[in-house]
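Participant: Using the numbering used here, read the sequence shown as starting at 2 and increasing by one per residue.
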Amino acid sequence: MLKQLTKRMRDRTVVTTAILSLMGYNAYAIDGDPGGANANGQKTKSPIKHVIVIMGENRTFDHVFATYKAQNGELVDNLLSKGIIKEDGTPGPNYATATQYSAVDATTYQISPGNKVAYGTASKPLQAPGTSYAPLTCYTNIYDPKTGAATNGPGCVANLTLAQQAETVADTAGLYSLEVQDLSLLLTGATGLSSNWPDSRIANYNNLPSGPYPLVTASGGSLYDTYGGSPVHRFYQMWQQLDCDVSKATQRNPSGCQADLFPWVEETVSSGSNGKPFPSPAPVPLLKEGNIAMGFYNVAKGDVPYLAKLAREYTLLDNYHQPVMGGTFANQMMFGYADALYYADVNGNPAVPPTNQIEDPNPLPGTNNWYMQDGYGGGSYTNCSDPTQPGVAAIANYLKAINVSPNCRPGAYYLLNNYVPAFIGSGATDPTNNGPFTLPPVIKQKHIGDVLSAANVSWAYYGERWTDFKTAPGLGANFGTIDPPAYLYCNICNPFLYSASTMTSAAGRAHLQDVNALYDAIANGTLPAVSWVKPSTFNDGHPASSKVDLFEAFTRKIIDGVQANKELWESTAILVTVDEGGGYYDSGYVQPVDYFGDGTRIPMLIVSRYSRGGHVSHEYSDHASIVKFIERNWDLPKLSSYSRDNLPNPRTSDDNPYVPQNRPAIGDLFQSFALGDHDHDHH
Numbered sequence: 002m003l004k005q006l007t008k009r010m011r012d013r014t015v016v017t018t019a020i021l022s023l024m025g026y027n028a029y030a031i032d033g034d035p036g037g038a039n040a041n042g043q044k045t046k047s048p049i050k051h052v053i054v055i056m057g058e059n060r061t062f063d064h065v066f067a068t069y070k071a072q073n074g075e076l077v078d079n080l081l082s083k084g085i086i087k088e089d090g091t092p093g094p095n096y097a098t099a100t101q102y103s104a105v106d107a108t109t110y111q112i113s114p115g116n117k118v119a120y121g122t123a124s125k126p127l128q129a130p131g132t133s134y135a136p137l138t139c140y141t142n143i144y145d146p147k148t149g150a151a152t153n154g155p156g157c158v159a160n161l162t163l164a165q166q167a168e169t170v171a172d173t174a175g176l177y178s179l180e181v182q183d184l185s186l187l188l189t190g191a192t193g194l195s196s197n198w199p200d201s202r203i204a205n206y207n208n209l210p211s212g213p214y215p216l217v218t219a220s221g222g223s224l225y226d227t228y229g230g231s232p233v234h235r236f237y238q239m240w241q242q243l244d245c246d247v248s249k250a251t252q253r254n255p256s257g258c259q260a261d262l263f264p265w266v267e268e269t270v271s272s273g274s275n276g277k278p279f280p281s282p283a284p285v286p287l288l289k290e291g292n293i294a295m296g297f298y299n300v301a302k303g304d305v306p307y308l309a310k311l312a313r314e315y316t317l318l319d320n321y322h323q324p325v326m327g328g329t330f331a332n333q334m335m336f337g338y339a340d341a342l343y344y345a346d347v348n349g350n351p352a353v354p355p356t357n358q359i360e361d362p363n364p365l366p367g368t369n370n371w372y373m374q375d376g377y378g379g380g381s382y383t384n385c386s387d388p389t390q391p392g393v394a395a396i397a398n399y400l401k402a403i404n405v406s407p408n409c410r411p412g413a414y415y416l417l418n419n420y421v422p423a424f425i426g427s428g429a430t431d432p433t434n435n436g437p438f439t440l441p442p443v444i445k446q447k448h449i450g451d452v453l454s455a456a457n458v459s460w461a462y463y464g465e466r467w468t469d470f471k472t473a474p475g476l477g478a479n480f481g482t483i484d485p486p487a488y489l490y491c492n493i494c495n496p497f498l499y500s501a502s503t504m505t506s507a508a509g510r511a512h513l514q515d516v517n518a519l520y521d522a523i524a525n526g527t528l529p530a531v532s533w534v535k536p537s538t539f540n541d542g543h544p545a546s547s548k549v550d551l552f553e554a555f556t557r558k559i560i561d562g563v564q565a566n567k568e569l570w571e572s573t574a575i576l577v578t579v580d581e582g583g584g585y586y587d588s589g590y591v592q593p594v595d596y597f598g599d600g601t602r603i604p605m606l607i608v609s610r611y612s613r614g615g616h617v618s619h620e621y622s623d624h625a626s627i628v629k630f631i632e633r634n635w636d637l638p639k640l641s642s643y644s645r646d647n648l649p650n651p652r653t654s655d656d657n658p659y660v661p662q663n664r665p666a667i668g669d670l671f672q673s674f675a676l677g678d679h680d681h682d683h684h
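1) Drop a sphere of 10 angstroms on the beta-carbon of residue 320, count the other beta-carbons inside from all chains shown, and report buried for 16 or more, exposed for fewer.
2) Report the residue from 270, 111, 249 and 297 whose alpha carbon sits nearest the alpha carbon of residue 66.
3) Let me know the secondary structure DSSP gives residue 447 once reduced to three states.
4) Please determine if the segment 247–255 and the segment 266–283 are in contact, where contact requires at least 3 C-beta pairs separated by less than 8 Å.
5) Pull up the distance between the alpha-carbon of residue 244 and that of residue 662, whole angstroms please.
6) Check whether the segment 42–50 touches the segment 631–642, taking contact to mean three or more Cβ pairs, one atom from each stretch, closer than 8 Å.
7) Relative to the C-alpha of residue 114, which candidate in 451, 259 and 574 has its C-alpha closest?
8) Since residue 187 and residue 539 should fall inside the 8 Å C-beta cutoff, what is the C-beta to C-beta distance between them, to a whole number of angstroms?
9) Is the separation between the beta-carbon of residue 582 and that of residue 323 shorter than 8 Å?
10) Taking the alpha-carbon of residue 200 as reference, which of 270, 212 and 128 has the nearest alpha-carbon?
11) On a Cα-Cα basis, can you pick out the residue from 220, 264 and 217 that is closest to residue 689?
12) Could you give the uninterrupted runs of the alpha helix (DSSP H) lying entirely in the segment 200–281, keeping only those of 4 residues or more?
13) Please classify residue 465 as buried or exposed, where buried requires at least 16 neighbouring CB atoms within 10 angstroms.
14) Please determine, among 44, 419, 55 and 40, the residue with the shortest C-alpha to C-alpha distance to residue 607.
15) Where DSSP assigns a beta bridge to residue 115, which residues make up the other side?
16) Are the CB atoms of residue 536 and residue 178 within a distance shorter than 8 Å?
17) Can you give the Cα-Cα distance for residue 289 and residue 371, rounded to whole angstroms?
18) Determine the contact status of residue 530 and residue 84, defining contact as a CB-CB distance below 8 Å.
19) Under a Cβ-count criterion, where at least 16 other Cβ atoms within 10 Å of its own Cβ denotes burial, should residue 642 be classed as buried or exposed?
20) Which full runs of the alpha helix (DSSP H) of 4+ residues lie inside the segment 283–358, going along the chain?
21) Measuring alpha carbon to alpha carbon, tell me which residue in 214, 335 and 273 is nearest residue 238.
22) Assign residue 478 to one of three DSSP states: helix, strand, or coil.
23) Comparing alpha-carbon positions, which option in 76, 60, 44 and 181 lies nearest residue 658?
24) What residue from 525, 391 and 78 has the CA that sits closest to residue 317's CA?
25) Please check the pair residue 107 and residue 364, which I expect to be a contact at CB under 8 Å, by giving their CB distance rounded to whole angstroms.
26) Could you check which residue in 558, 543, 313 and 571 has the C-alpha nearest to that of residue 580?
27) To the nearest angstrom, how far is the alpha carbon of residue 150 from that of residue 470?
28) Would you tell me roughly how many angstroms separate the C-alpha atoms of residue 605 and residue 367, rounded to the nearest one?
29) Can you name the start and end residues of the alpha helix (DSSP H) that residue 564 belongs to?
30) Mark residue 73 as exposed unless 16 or more other C-beta atoms lie within 10 angstroms of its C-beta, in which case mark it buried.
31) Spatial neighbours of residue 550 within its chain, please: C-beta separation below 6 Å, excluding the five flanking residues on both sides.
32) Bridge partners of residue 424, per DSSP?
33) For residue 675 and residue 303, I'd like the C-alpha separation in whole angstroms.
34) Touching or not, the segment 500–518 and the segment 438–448, by the rule of three or more beta carbon pairs under 8 Å?
35) Would you kindly report the start and end of the unbroken alpha helix (DSSP H) that includes residue 503?
36) So the candidates are 493, 382, 195 and 60; which of them puts its Cα closest to the Cα of residue 425?
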């Protein structure tokens, strides 16, 4: 049956392409719109007429590429090249430079607290890592929503409720979001552990070194094709993890960020107090996250094979960063708005959120770093224009010392943690879908889709499971009562779903589509000029709920499809990255550009005929760089006076290509392509 469905879809594509050819249309000039709504789609500063951004989740550069070796005399900045580890993953001669410390923050929130003591001593042992929400068991008897019958199929999930949603067919035509040969990946990798702590699969899990460690078993086997724990990745926590101190600034590291408090933050506050009191009596360990953050895969021994293959054949960026400290929502918004989003009134103007939703990372009296208000049930908004607000002074004073503006609108309370949008898939507003923890409609902050539409350049956001989600009210208070497959769609990942300009008209909502529409667009030559692609919860590579090999498989299907369409491949650039680092450790330089970030480095690969050869680009960049690339390539205006697309491109010296001399500065990615004489940019 599957072979018949696959053949049917292939035949449909061949017929569609043949009809277009006979009719004499240039499929790529019209971009599926002969009416001219994409009139400027072909007017570009480079030969690139189509950009596809594939956004996975929650992995840092060193976590994935720690042992990657550059080719052809190229240089790469990672744990191996720094001598922090050896090729086999064991400690290298410079391992001590990655030493992690405990600290004390007992009075007022600090981003560089004192009383630091190195882990790995008898008096300060490291906690063993946990598995935090990773699936215990793989289920093969799944529920088919088309027939209502149980059938054998893929699905490796944490419990039976989710197992019933493990249907991987993307639409009623029978398209899969993974190639057939990759579906078995959904059946492997469960932990087999009865508790979320400790993760006894990891070698020396109870005696880890005070720094990065390889994700291998005691017998040396790789844990790459397994589910693992998910480290803390929130805003004020990441500022502390990076331990930025101007007194530690050097010429090669002018930010003074030391990245040496990752386990301490995991052990003291993890993903937030959520407004809860400190537990009494305190359990031991206090939090079962443990030392997840320091684990890494080993590409030199075969881990992450497809992304490593892309790096060897195309262009890898080793200076690309998550744009905001913290998690999914805030970082995904940056590729839409190049800015953080604030709490607004009904007219879209900055307003004051409920008191219990304002962040207070000051430690609860009598505790070490147990935040007073953080996360759901606690704070998530910060007015960073006011240094008297909790947590703000520590960051604002540091930024002032390094001559960086916080860039915060007066009186604006910015959302830092994950809140759902007020809009649901149908375009209606449902402010009760997550109780009070819903961001009001975004009215006055413009996103890149607004600018593309105004310029008659086509665009789409392809989210896997959109077809399911758009008829459901979304996550939150109704969790467990709505159409189950909708859970697999990531609503907090879609910046356009928060926007009134997109969601209050049928024309605006038409830009939001399911990923199966992307496969058709690639095959039949109707791909928009700009496309964002977001896999579902199962396929996005997020720790605990997904695996990197599933994200690799999802990515490979798209790249193979583009390359199979030879005319499309000639004019397309595919950007493969993740939303943020997920709280994993990274050793790279971090440049603060405003109050919100940047944060750790994350993977970015550019796959294009103009990025071939295994180049490693050191261009300093983050998600706002994607916005800058689109604006430059299609000659578009800036989004606002506050947005990061106003920052200049970096100027660097030959002896240190990683640190912009004109900071704060972020690139527009043109330097990372080989565009020949086009726009005068070269490798």
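No residue lacks a Cβ here, since even glycine has one placed at the ideal position from N, Cα and C.
Facilitator: In terms of the structure at hand:
1) Counting Cβ neighbours within 10 Å, residue 320 comes out buried, since at least 16 surround it.
2) Of the candidates 270, 111, 249 and 297, the one whose C-alpha sits nearest the C-alpha of residue 66 is 297.
3) In the structure shown, residue 447 sits in coil (DSSP, three-state: anything other than H, G, I, E or B).
4) Segments in contact, no.
5) Each residue's alpha carbon lies about 22 Å from the other.
6) Touching, per the Cβ criterion.
7) Measuring from the Cα of residue 114, the nearest candidate turns out to be 259.
8) Sure, about 7 Å apart at Cβ, within 8 Å.
9) Cβ distance < 8 Å, so residue 582 and residue 323 count as in contact.
10) Taking only the C-alpha atoms, the option nearest residue 200 is 128.
11) With the chain represented from 2 up to 684, any question about residue 689 goes unanswered, as that position is not in the structure.
12) Correct list: 236–243 and 263–269.
13) Counting Cβ neighbours within 10 Å, residue 465 comes out buried, since at least 16 surround it.
14) Checking every option, the nearest Cα to that of residue 607 belongs to 55.
15) In the DSSP output, where bridge partners are listed per residue, residue 115 has 105.
16) For the 8 Å CB-CB criterion, residue 178 and residue 536 form a contact.
17) Those two C-alpha atoms are separated by around 15 Å.
18) No, they are not a contact pair.
19) Burial is judged here by how many other beta carbons sit within 10 angstroms of a residue's own beta carbon; residue 642 has fewer than 16 and is exposed.
20) DSSP runs (the alpha helix (DSSP H)) wholly in the segment 283–358: 306–314 and 329–338.
21) Distances from the CA of residue 238 to each of 214, 335 and 273 were compared; the closest alpha carbon is that of 273.
22) Its pLDDT being 35, under 50, residue 478 is placed unreliably in this model, and the value from its coordinates should be taken loosely. The answer is coil: DSSP assigns residue 478 none of H, G, I, E or B.
23) Out of 76, 60, 44 and 181, the CA that lies nearest to the CA of residue 658 is found in 76.
24) Closest option to residue 317, Cα to Cα, is 78.
25) With a Cβ gap of about 6 Å, residue 107 and residue 364 count as contacting.
26) Nearest of 558, 543, 313 and 571 to residue 580, Cα basis: 543.
27) Low confidence applies to residue 150: its pLDDT is 35, below 50, so where it sits in the model is not reliable, and the reading given next is rough at best. Straight-line measurement puts the Cα of residue 470 at about 21 Å from the Cα of residue 150.
28) Roughly 43 Å separates the two Cα atoms.
29) Where residue 564 is concerned, the enclosing alpha helix (DSSP H) stretches over 549–565.
30) Around the CB of residue 73, fewer than 16 other CB atoms lie within 10 Å, so the residue is classed as exposed.
31) So the qualifying residues of the chain are 186 and 226.
32) 430.
33) If I take the Cα positions, the gap works out to 28 Å.
34) Touching, per the Cβ criterion.
35) In this chain, the alpha helix (DSSP H) harbouring residue 503 covers 501–504.
36) Closest by alpha carbon: 493.
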